[in-house]
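Trainee:
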Amino acid sequence: MNSGDRLDRIEAILAATAVQQQANTEALTRLEAQTFANSEAIGRLEVQTLANATAIDRLTDRVDNIAVRQQASAELLDRLVDRVDRMVSAIQNHQEALRLLQQQQNEWRDQMRIIQTEIHDLWQYLNNQLRNRGNGGGQN
């Protein structure tokens, strides 16, 4: 293979790399949009969690008042305690979902950083190869 063919091959690789880099940039943009959407969803879940915690506090106060005023209302008290348990479980589920979303978001960011670094390194390597060709270096 002569140097002209090699240069053509390197230019083709650079062109393909540029296309892949553009695709990766677009994928990163989509990922950032999804990350933003996830952040908004996390914010909404945090607001809901706070509202649920406030509701639990109100229900706990109500249960205490009912128990003090009316010992005979054991059936009502049992229903309220079950409701509080479901709300606590829902909050715990929300918190676990938030943790998993944050973990996934961090993993995606790490993967995208690795991909960007690899593309950058490959781009630099190929550019250096082209410069070396132009300077008379690396002729075999």
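At the far end of the sequence shown sits residue 495, using the numbering used here, and the numbering has no gaps.
Just so it is clear, CB atoms sit at the ideal spot from N, CA and C, and this is done for glycine as well.
Should I446 go down as buried or exposed, given a rule of 16 or more other Cβ atoms within 10 Å for buried?
Mentor: It counts as buried.
Trainee: Quick one: give me the first and last residue of the alpha helix (DSSP H) that Q450 is part of.
Mentor: Note, Q450: alpha helix (DSSP H), A429 to G489.
Trainee: Take L400 and list the residues in its own chain whose beta-carbon comes closer than 8 angstroms to its own, dropping the five residues that flank it on each side.
Mentor: Cβ within range, chain order: H449, A452 and L453.
Trainee: Express the C-alpha separation of S358 and N495 in angstroms, rounding to a whole number.
Mentor: Per-residue confidence for N495 stands at a pLDDT of 45, beneath the threshold of 50, marking its modelled position as unreliable; the derived number appears in the next sentence. Whole-angstrom Cα-Cα distance: 9 angstroms.
Trainee: Hey, would you say N393 sits closer than 8 angstroms to L456, going by beta carbons?
Mentor: For N393 and L456, yes; Cβs fall inside 8 angstroms.
Trainee: Rounded to the nearest angstrom, what separates A422 and I397 at their Cα positions?
Mentor: Those two C-alpha atoms are separated by around 36 angstroms.
Trainee: Apart from the five residues on each side of it in sequence, which residues of its chain come closer than 8 angstroms, Cβ to Cβ, to R424?
Mentor: There are no such residues.
Trainee: Looking only at its chain, what residues have a beta carbon closer than 7 angstroms to the beta carbon of D433, apart from the 5 residues adjacent to it on each side?
Mentor: Excluding sequence neighbours, D433 sits near nothing in its chain.
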